[in-house]
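> First residue of the sequence shown: 12, per the working numbering; consecutive thereafter. Mind having a look at this structure? Questions to follow.
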Amino acid sequence: MKLSNQIEWAIHCMELLARVPDGIYIPTKVLAKFHGVPKEYLSKALQCLAAAELIEGTLGPRGGYRIARSPSKISLLDIVEAIEGTKKSFNCQEIRFNNPCLKKEHKDRSTTCTIAKAMYQADEAWRAVLRKTKLSDIISGINNEVPSIIFELSEEWIQNELS
12 MKLSNQIEWA IHCMELLARV PDGIYIPTKV LAKFHGVPKE YLSKALQCLA AAELIEGTLG
72 PRGGYRIARS PSKISLLDIV EAIEGTKKSF NCQEIRFNNP CLKKEHKDRS TTCTIAKAMY
132 QADEAWRAVL RKTKLSDIIS GINNEVPSII FELSEEWIQN ELS
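So, in structure tokens, the structure goes:
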């Protein structure tokens with residue numbers, strides 16, 4: 012399983028947007044500069060998050076993005092699926108039936124391949140963890156790991172960028 016860089020960027024941006032006071036929108040260029048990521052690619056991720064109604068955006072001189080709902084109501088799976096889609100990570104091609112030794116009567120397509128079953132279980136397992144993990148859990152973890160001075164300096168930096 013390999014997720015795009017945009018997943019990491021999206022989760023970090025969601026965490027930051029969750030800390031912004033109501034009524035404040037953070038422009039894409041500020042989010043990109045803050046996280047040191049390419050604005051063009053981040054913009055695509057933010058558009059996906061907005062389309063999924065996880066964030067909301069506005070245009071104009073005070074335009075940008077803000078979180079659309081409570082962090083306790085947003086799962087990491089919501090964020091991942093907004094960026095990557097809902098398609099399963101494994102796509103069984105049924106190559107078991109390509110076996111030249113299989114007779115026609117043994118080509119029963121009514122059962123799911125044992126390999127596909129295991130892969131589907133693995134896919135559901137990681138989705139279950141992401142579904143259970145809320146953005147609010149991530150924020151709590153970061154609050155416990157990052158010194159408060161960093162939050163203060165970050166807020167000051169963002170204020171300067173918005174001025």
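The beta carbon of each residue, even a glycine, is placed where N, CA and C say it ideally should be. Small disclaimer: the values here were computed from a predicted structure and weren't measured.
Exposed or buried, what is residue 140 when buried is set at 16 or more other beta-carbons lying within 10 Å of its beta-carbon?
Residue 140 should be labelled exposed.
> Mind checking residue 152: buried by the 16 CB within 10 Å criterion, or exposed?
Result: exposed.
> Cα-Cα, which of 50, 83 and 93 is closest to residue 75?
50
> Buried or exposed: which applies to residue 89, given that a residue is buried once 16 or more other Cβ atoms fall within 10 Å of its Cβ?
The residue is buried, with at least 16 neighbouring Cβ atoms inside 10 Å.
> Sorted by chain position, which residues of the same chain lie with C-beta nearer than 6 Å to residue 69's C-beta, five sequence neighbours on each side aside?
36
> Compute the beta-carbon to beta-carbon distance between residue 26 and residue 149, rounded to the nearest angstrom, for a pair I have assumed lies under 8 Å.
That pair is a contact at about 6 Å.
> Give the range of the beta strand (DSSP E) segment to which residue 67 is assigned.
66–69
> Beta carbon of residue 131, beta carbon of residue 101: below 9 Å?
yes
> Would you call the CB atoms of residue 41 and residue 172 closer than 9 Å?
yes
> Nearest to residue 33 by CA position, among 55, 67, 128 and 62, is which residue?
67
> Determine the closest residue to residue 15 out of 55, 62, 145 and 28, with distance taken between C-alpha atoms.
55
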